[in-house]
Ligand code: CO
Ligand code: ZN
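Residue numbers (this note's numbering): -10 to 322.
(1) Start and end of the alpha helix (DSSP H) containing residue 299?
(2) Please list the terminal residues of the continuous alpha helix (DSSP H) segment that includes residue 248.
(3) Name the two residues that bound the continuous beta strand (DSSP E) containing residue 290.
(4) Can you determine whether any heavy atom of ligand 2 sits closer than 8 Å to the C-beta of residue 4, and answer yes or no?
(5) In terms of alpha-carbon separation, which member of 236, 140, 8 lies closest to residue 2?
(6) Taking the alpha helix (DSSP H) that residue 169 belongs to, which residues open and close that run?
(7) Please look up how many angstroms separate the CB atoms of residue 322 and residue 244, rounded, as I've assumed it's under 8 Å.
(8) Closest by CA to residue 101, which one among 108, 92, 113?
(9) So does residue 293 have its beta carbon nearer than 8 Å to some heavy atom of ligand 3?
(10) With a threshold of 8 Å (Cβ to nearest heavy atom), would residue 159 be considered close to ligand 1?
(11) For my contact list, residue 304 and residue 225 are in at a C-beta cut-off of 8 Å; report their separation, rounded to the angstrom.
(12) For a minimum of 3 consecutive residues, which ranges assigned as the beta strand (DSSP E) are wholly contained in the region 29 to 86?
(13) For residue 40, verify whether its CB is less than 8 Å away from any heavy atom of ligand 1.
(14) Give every residue of the same chain whose Cβ lies closer than 6 Å to the Cβ of residue 259, excluding the five residues on either side of it in the sequence, and list them in chain order.
(15) How many Å lie between residue 204 and residue 94 at the Cα?
(16) For residue 54 and residue 240, I'd like the C-alpha separation in whole angstroms.
(17) Can you look up residue 181 in the DSSP assignment and give me helix, strand or coil?
(18) Which of the three DSSP states is assigned to residue 198 in this structure?
(19) In the DSSP assignment, what residue or residues form a beta bridge with residue 262?
(20) Locate the alpha helix (DSSP H) running through residue 213, then write down its first and last residues.
(21) Around the C-beta of residue 307, are 16 or more other C-beta atoms found within 10 angstroms, so that it is buried, or is it exposed?
(22) For residue 81, does the count of other Cβ atoms within 10 angstroms reach 16, so buried, or fall short, so exposed?
Shown next as structure tokens:
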């Protein structure tokens, strides 16, 4: 992957953006795509909607800008912060990590003394920002402030590793496809959604507003290719995954077929995905108004919802190619 693309991806990944605080990510994306689209706007919930006009069907592509994180619930007299989760945050994964607030302030996540590690819950944990007392802490953070986990982006062999791969990698793929599409007959709405991690909320309102004919979200999925992993037929490096099912969606057969046919026509490797838990923005999009045929282009990702989410560079490149080729076709679903 060329340097400019890697530096855009790095910027997307390292930007602060827990659910409800997606504005900095939105700014990065806006500046990147502004000149490539016919119209661009932010809706009242904060979703960024970029339109490439066409005379055909309305296609909604969704990638969520938000990431999991924590929200401050209290500050004690010694300046330690108590917190709750934003989205799916495991106490075990959080222990010993660093978090980052919107102004760049960082903190360390640790726990009270516990006799048994099985007692570990977020209520038993705190964030240390190096404050000397409550007053000092309050001069830097407040109740209700949100933080994301912080780990810098790194390339490891054939893989990219970072926090927030879920779902900045989806944003990156949508951005690259948007730039690369030539002559599409479709009317394409690229939607960079808010608040996916806490219940697909931005997708719900933006899909209602757009009223698309077809919806495709671009998001990560789990893999079954690590030692003694839960059984799953998806492997990192074996190509973009075409979703059949997760807990919130049964992909529409025609959308699934469109994705498979396009991959075959262009010799793009792909795999079929059945995820036994979780969901993506398409879970909300397909239930909009009278129903919207929907599917998902998934990027196989190890260690989801940790600060070390890992994807294959080849899978990312093939996902960009597959999404571009799908959107260049006249979609008649
Ligand atoms: Co997620
Ligand atoms: Zn996601």
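Where is the CB? At the ideal position from N, CA and C, for every residue including glycine.
Keep in mind the model is a prediction, meaning the values are calculated, not measured.
Looking at the atomic coordinates:
(1) Taken as a continuous stretch (DSSP letters only), residue 299 belongs to no alpha helix (DSSP H), being part of the beta strand (DSSP E) at 298 to 301.
(2) 242 to 254
(3) 283 to 291
(4) no
(5) 140
(6) 154 to 169
(7) 6 Å
(8) 113
(9) Here the bound small molecules are ligand 1 and ligand 2; ligand 3 is not part of this structure.
(10) no
(11) 7 Å
(12) 37 to 41, 47 to 53, 58 to 64, 70 to 75
(13) no
(14) 228, 229, 231, 252
(15) 38 Å
(16) 22 Å
(17) strand
(18) helix
(19) 232
(20) Element bounds for residue 213: n/a, residue is neither H nor E.
(21) buried
(22) exposed
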